[in-house]
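First residue of the sequence shown? That's 0 in our numbering, and the numbers climb one at a time after it. Every residue, glycine too, gets a C-beta built ideally from N, C-alpha and C. Nothing here was measured: the structure is a model prediction, and the numbers come from that model.
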Amino acid sequence: MKAARDLHPLLLPALLAGTLVILACQSSGSSAPPTATAIAPVAAFSAPPGSPVVGQSLAFTDTSTGGPTAWTWTFGDGATSTLQSPTHAYLAAGTFTVTLQAANAAGATTASRTLTVGAGAPGTAFTGNVVLGSPTDTSIKVNVFSPSQSGTVFLVYGTASGTSTRQSPAATLVAATPLELSLDGLSPDTQYTYRLYYQASTGSASAGEACSFHTARPAGSAFTFCLQGDSHPERLKTQFDAALYQRTLQTAAADRPDFYLLLGDDFSVDTLDPATIGPALVTERYTLQRPYLGIIGRSAPVFLVNGNHEQAARYLLDGTPNNVAVWAQNARNRHYSQPAPDGFYTGNPEVVPNIGLLRNTFAWTWGDALFVVIDPYWGSPVCVDDPFGGGAKRSNLWDITHGDIQYQWLKTTLEQSRAKYKFVFAHHVLGTQRGGIEVAGLYEWGGGNANGSWGFTANRPTWPSPIHQLMAANKVTIFFQGHDHIWVRQQQDGVTYQTLSEPADPNYSLFNSDAYLSGDKLPNTGYTRVSVGPSGVKVDYVRTWLPADESPGKVSGSVAFSYTIP
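Spelled out as structure tokens, the structure:
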């Protein structure tokens, strides 16, 4: 046999690709080179051995010859795939014809075989939860978690108006370890339904409940999103009641929002003992919320805003993986699929040692609205609020900063957006103190010193304007904040400052009312619903009560206050 270097140049690429080559004869003395003629591949595949059962993930392996470059599978149950060697699970017992079409530029051939799928033993129900995240126009992340179950999981999904025939590849779920699945190749502005299938080590796969989500909407679309303020599950009975939290989230889920935002202090770690704290204890703060956030997160992607009590903050970094900031941010990113900069989201590009991308600031456009999440805790080199483990607070509030990089990103994002409405979200003005517009004129947010004098030029010489003035100049519609455990609407320079209530306070308190010298003030408990459409924005404060606390005028799910912005 000739060495590769001795082959005609037309033959080598074809042989390497596995293509059968026929050489046309030529007369001696002809100067024309031989021609290579490709032929269609011969389709063939192998199917799993044994007796498959309903819900079992089956691997089909392409064994075609002749250099196929495209594959089309039909599984006999309405499902298809274009992968070379896909996996598929049957959702009902029966006999199915599996067909593979293998093709290249010369043509296509098919191969088929029948497969009998048995019912199998009853499957084990999945007792964990699903929280969606990072939706785009063509994809979404599905974060699956169970504290006690291991096994195999996959998603069956499709459009709401059609049948759910698409499947995600099967993946291994390990107990107490979050698993992120990605659904890609979705259609923009489309409602999808999906089910999670779970298979333990024995028995068939069991189907979860049908859930839905919507991919990114174009300009001119109407949609709803919902928000909550600080949930503080560590403050049991004083500011948190589990049944009330569930009721709030169930009521919000019934609104069918496109997504749900938490404004911080939902994973507070600063009550943990500094002498015994470790990654497992910090992770427990994040797993504690999974059953609750699964109530709404299975259909409404969840976005997180960093809060002061979560101690995911730059000042705690020490160059090692063994510190609270690293443990907190890693637990956050593993258990909740937050956006990273890509073609749909912009955000923080910094890669932090022992963490990677922080995923703490991000912006995206949905319908007629721009959404921007900002964070002073990773931006500031000093502790913004109470130090972990106690100690004195910083004495100079000019030391608190969102940082030059975040400021320039915020400025560029606001200036370049052509969205009709612009929403900015943070845990609080500056990340500390109390109040809304009462403190919006201070330090890097508003430029003033505590004594009323102007300090911005001296303290932020490279910034063209304070953050509030930047928002006002770029016509920010609403700035949303939490932190103060009260629902307040205020306005300043055309920007609405909206402070959010707690979602689970069983005492329905009016915390920190004295910090707000103006505005519409209402007590806990509830969530905020925002409806966006071409004609304007409507904001509703939806109150929730425990059944024992309801009475005429106190009906859970009723709107306590509402306003519109054209």
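Exposed unless 16 or more other CB atoms sit within 10 angstroms - verdict on residue i
| i | result |
| --- | --- |
| E283 | exposed |
| V494 | buried |
| E309 | buried |
| P588 | Residue 588 cannot be examined here, being either before or after the span of the chain that is shown, 0 to 565. |
| Q25 | Its pLDDT being 44, under 50, Q25 is placed unreliably in this model, and the coordinates cannot settle the point. |
| S186 | exposed |
| S27 | Low per-residue confidence applies at S27: pLDDT is 45, beneath 50, and the placement is therefore not dependable, though the value from the model is reported in the following sentence. S27 should be labelled exposed. |
| E501 | buried |
| L82 | exposed |
| V558 | exposed |
| A503 | buried |
| I404 | exposed |
| G390 | exposed |
| G296 | buried |
| T431 | buried |
| E414 | exposed |
| T94 | exposed |
| G552 | exposed |
| M0 | Low per-residue confidence applies at M0: pLDDT is 40, beneath 50, and the placement is therefore not dependable, though the value from the model is reported in the following sentence. Exposed: under 16 other Cβ atoms inside 10 Å. |
Strand pairing of residue i, partner residues [DSSP]
| i | result |
| --- | --- |
| H213 | Q190 |
| V494 | Q491 |
| R542 | G525 |
| F74 | None; F74 has no bridge partner. |
| T113 | T96 |
| L357 | In DSSP, L357 forms no bridge with anything. |
| Q566 | In the structure displayed, the chain extends from 0 to 565; residue 566 sits before or after that span and is not available. |
| A140 | Before going on, a small fix: residue 140 reads as Lys here, not Ala. BP columns for K140 point to G132 and S181. |
| W453 | G447 |
| W363 | F370 |
| T64 | V41 |
| I564 | V536 |
| A69 | A102 |
| Y420 | A368 |
| L292 | L292 is not bridged to any residue. |
Secondary structure of residue i, DSSP reduced to three states
| i | result |
| --- | --- |
| D548 | helix |
| H482 | coil |
| D317 | coil |
| T176 | coil |
| L99 | strand |
| I466 | helix |
| N128 | strand |
| D519 | strand |
| H401 | coil |
| A472 | helix |
| S512 | helix |
| T86 | strand |
| A251 | helix |
| A584 | The structure shown does not extend to residue 584, since the chain spans only 0 to 565, so no value can be given for it. |
| R165 | strand |
| K236 | coil |
| G106 | strand |
| I477 | strand |
| T158 | strand |
| A392 | The question names Ala, but residue 392 is Lys in the sequence shown. Coil. |
| G346 | strand |
| Y406 | helix |
| T36 | strand |
| T411 | helix |
| L271 | coil |
| A324 | helix |
Beta-carbon proximity of residue i to residue j, cut-off 9 Å
| i | j | result |
| --- | --- | --- |
| G434 | L516 | yes |
| L545 | P505 | yes |
| S416 | H401 | no |
| A215 | K419 | no |
| G127 | L172 | yes |
| V155 | A92 | no |
| A169 | T151 | yes |
| Y285 | R331 | yes |
| C210 | S336 | no |
| I294 | A241 | no |
| L292 | G263 | no |
| V116 | A46 | no |
| S555 | R112 | no |
| Q468 | H426 | no |
With contact counted as at least three CB pairs below 8 Å, one residue from each stretch, are the stretch 481-489 and the stretch 497-511 in contact? Of all C-beta pairs linking the stretch 481-489 to the stretch 497-511, three or more are shorter than 8 Å, placing the two stretches in contact.
Does the stretch 343-355 come within contact of the stretch 184-202, defined as at least 3 CB pairs closer than 8 Å? At 8 Å Cβ cutoff, the stretches do not touch.
Taking 8 Å as the cut-off, does the stretch 366-385 touch the stretch 307-325 (at least 3 CB pairs, one atom from each stretch)? Verdict: yes, contact present.
Could you tell me whether the stretch 134-144 touches the stretch 166-184, using the rule of 3 or more Cβ pairs below 8 Å? Yes, the stretch 134-144 is in contact with the stretch 166-184.
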